[in-house]
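K.L.:
Numbering (the numbering used here), first residue to last: 66 to 632.
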Ligand code: ARG
């Protein structure tokens, strides 16, 4: 859409100023009344050309006015050139993006490994798990949308001394129930009991370590217990994942690397990267300026650690998948661990693909009651249920304003959507604030608002009996109202926004855009008659409505949220 403008601008600059700038960039003006597109090239060149930027800008604007694609061109401020496209140009572009959005993307090339969720098993998911789980799924969805071949990976914490503890607790207090019939809550209770008892009786910790060693050495009974626990956990995880529209290609957890650590340990020792630490342990040291403490990779008793498994995991992923990138989504608390891990890989001389530990901040609760619940964890499933209950109440309170023929399904969609949107609409690098009122508001930056706007657009299309699939003809329109133009421009931004949100790994960029699109559509809806418009205007407005609905749907789904056709 901008190529002709760029070519023409180059031509003037060459003819009038004997200048050929490297790149001429166009962007959307902050204030939509400043046109569809603007360039600062005149300001950029003024210094080297020793000219007044306004003079350069005027020449460019004059040239722009001669182009058939351009409806209006103005010079503004110290030397911006603002452009208004002819409506036909914008409409053709809209049709083009619509076709591009529905075209099947072929995912090829070396994979992008996206690791997220990674709960430790034998415990139900806690509310904080929603962060890694949902942020990771959104990034997976966005990379796929960009055509990347993503391997969604759940790295379960299914190994380590905590299993020794659990096995000891089960033997002592588990009663007669076979392990396979235990619930996750019962497993959690056993684990909690272990810690209570261990405070009084230190010998229990030793027993747990010894039991884990036995498990590592292949004790059959313990292995069976471990498998049962893994199965129980996975089953109950899947229930929550399904409600959140989260899914994985692989769930190879820490236990998978059990037999892959020895070679890494040997390599590190042989290369002199792993050095003997205290009491026979092995550590990695880093240069002083890095400010990183030593990294423990093997304990004095020969036991491996979280770090050892992550080293083996890196090696395995690189050798097996030759990925173009490895992304690991975690809490900020793990930052140092991954910095040490990456530095260790480099010391080992491993060639790493693009690697990033995608961090998110801590969760804070607006509701005091939630943050002060002591002892037991605040379970994600219970919070989801609570969100659905609140959504159901909201539906009821709105009476006829919210209509549905399947209220439980709508409540589930709104409740889970509200919770997820409440997370992904915040800058992940900051603390994430959990606030029921904000999440469930019908007219704020929330899932219900987005869902409502989608349903509103769909309702218009139904009333008009509009065939959304038929976009064969571009409405022949010569003038656009301000609201139409703004909506059109906003719709055109979608693909660029997804691209930015994906490359920066920032879901809230997309959420913010969808919120603005909703505001823009609602302003248009409230001021421009759609069904009562005639001829080409009606076609235009219905086309804008249909495109809004589809961008909202696709965008929401990238954020793992579903939108209703009616509400
Ligand atoms: N399971 C770990 C935890 O809950 C997170 C795993 C992060 N990923 C990794 N490759 N270490 O703390």
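Heads up, the beta-carbon is just placed ideally off N, CA and C, and yes, glycines get one too.
These numbers come from a predicted model, not from an experiment.
Return the chain-ordered list of same chain residues with a C-beta closer than 8 Å to the C-beta of residue 246, the five sequence neighbours on each side being excluded.
P.N.:
If we look at residue 246 and ignore the five residues flanking it on each side, it has no Cβ neighbours.
K.L.:
Quick one: give me the first and last residue of the alpha helix (DSSP H) that residue 385 is part of.
P.N.:
371 to 386
K.L.:
Compute the minimum distance between the beta carbon of residue 183 and the heavy atoms of the ligand ARG, and state whether it is under 7 Å.
P.N.:
yes
K.L.:
Can you tell me which of 492, 521 and 434 puts its alpha carbon nearest to the alpha carbon of residue 469?
P.N.:
521
K.L.:
Short check: CB of residue 110 to CB of residue 84, under 8 Å?
P.N.:
yes
K.L.:
Less than 8 Å separating the beta-carbons of residue 221 and residue 187?
P.N.:
no
K.L.:
Do residue 405 and residue 338 have their beta-carbon atoms positioned less than 8 Å apart in this structure?
P.N.:
Their beta carbons are not under 8 Å apart, which means residue 338 does not touch residue 405 by this criterion.
K.L.:
Taking residue 291 as part of the alpha helix (DSSP H), name the residues at either end of that continuous run.
P.N.:
285 to 308
K.L.:
Residue 140 to residue 103, Cα distance in whole Å?
P.N.:
Between the alpha carbons of residue 140 and residue 103 lies a distance of about 10 Å.
K.L.:
So the candidates are 217, 91 and 580; which of them puts its Cα closest to the Cα of residue 391?
P.N.:
The shortest CA-to-CA distance from residue 391 to any of 217, 91 and 580 is the one to 217.
K.L.:
For residue 428, which option in 517, 276, 195 and 543 has the closest C-alpha, if you only look at C-alpha atoms?
P.N.:
195
K.L.:
Taking the beta strand (DSSP E) that residue 102 falls in, what are its first and last residues?
P.N.:
102 to 104
K.L.:
Check the C-beta distance from residue 507 over to residue 481 and give it rounded, since I have them as a contact under 8 Å.
P.N.:
Not a contact, Cβ separation roughly 16 Å.
K.L.:
Under the rule that 16 or more other beta-carbon atoms within 10 Å means buried, what is residue 115, buried or exposed?
P.N.:
Counting the other CB atoms within 10 Å of its CB gives residue 115 a total below 16, which places it among the exposed residues.
K.L.:
By Cβ distance below 7 Å, which residues in the same chain neighbour residue 124 in space, the five residues on each side in sequence not counted?
P.N.:
77 and 81
K.L.:
I'd like to check one pair, residue 273 with residue 318: are the Cβ atoms closer than 8 Å?
P.N.:
The Cβ atoms of residue 318 and residue 273 do not sit closer than 8 Å to each other.
K.L.:
Mark residue 128 as exposed unless 16 or more other C-beta atoms lie within 10 angstroms of its C-beta, in which case mark it buried.
P.N.:
buried
K.L.:
How about residue 157 and residue 539: are their beta carbons less than 8 Å apart?
P.N.:
yes
K.L.:
Taking the CB atoms as reference points, tell me whether residue 575 and residue 617 lie closer together than 8 Å.
P.N.:
no
K.L.:
From residue 488 to residue 424, what distance separates their C-alpha atoms?
P.N.:
14 Å
K.L.:
Could you tell me the boundaries of the alpha helix (DSSP H) in which residue 226 lies?
P.N.:
226 to 238
K.L.:
Examine the ligand ARG and report whether any of its heavy atoms sits within less than 7 Å of the Cβ of residue 633.
P.N.:
Only positions 66 to 632 of the chain appear in the structure, and residue 633 is not among them; the question remains open.
K.L.:
Do the stretch 143 to 161 and the stretch 85 to 104 meet, that is, are 3 or more Cβ pairs less than 8 Å apart?
P.N.:
Yes, since at least three Cβ pairs between the stretch 143 to 161 and the stretch 85 to 104 fall closer than 8 Å, the two stretches touch.
K.L.:
May I ask which residues mark the beginning and end of the alpha helix (DSSP H) holding residue 253?
P.N.:
249 to 265
K.L.:
Classify residue 367 as helix, strand or coil using the three-state DSSP reduction.
P.N.:
coil
K.L.:
Could you tell me whether any non-hydrogen atom of the ligand ARG is closer than 7 Å to the CB of residue 314?
P.N.:
no
K.L.:
Leaving out five residues before and five after residue 134 in sequence, what residues of the same chain have Cβ atoms less than 7 Å from its Cβ?
P.N.:
Residues 69, 150, 151 and 154 of the same chain have their beta carbon placed closer than 7 Å to that of residue 134, with the five preceding and five following residues left out of the count.
K.L.:
Tell me, please, whether the stretch 168 to 184 touches the stretch 193 to 212 by the rule of three or more beta-carbon pairs shorter than 8 Å.
P.N.:
yes
K.L.:
In its own chain, which residues sit with a C-beta less than 8 Å from the C-beta of residue 556, not counting the 5 before and 5 after it?
P.N.:
159, 162, 582, 609, 612, 613 and 616
K.L.:
If I measure Cβ to Cβ from residue 118 and keep anything under 7 Å in the same chain, skipping five residues before and after, which residues do I get?
P.N.:
107, 108, 111, 143 and 144
K.L.:
In chain order, which beta strand (DSSP E) runs of at least 3 residues are fully inside the stretch 140 to 177?
P.N.:
145 to 150
K.L.:
Which same chain residues end up closer than 8 Å to residue 197 when comparing Cβ atoms and leaving out the 5 residues on each side of it in sequence?
P.N.:
181, 182, 183, 394, 395, 396 and 425
K.L.:
Please check the pair residue 304 and residue 377, which I expect to be a contact at CB under 8 Å, by giving their CB distance rounded to whole angstroms.
P.N.:
30 Å between Cβ atoms; not a contact.
K.L.:
Please indicate yes or no: does the CB of residue 222 lie closer than 7 Å to some heavy atom of the ligand ARG?
P.N.:
It does: the Cβ of residue 222 is within 7 Å (strictly closer) of some heavy atom of the ligand ARG.
K.L.:
Going straight from the alpha carbon of residue 252 to that of residue 237, what length do you get?
P.N.:
13 Å
K.L.:
Is residue 395 near the ligand ARG, going by C-beta to nearest heavy atom under 7 Å?
P.N.:
yes
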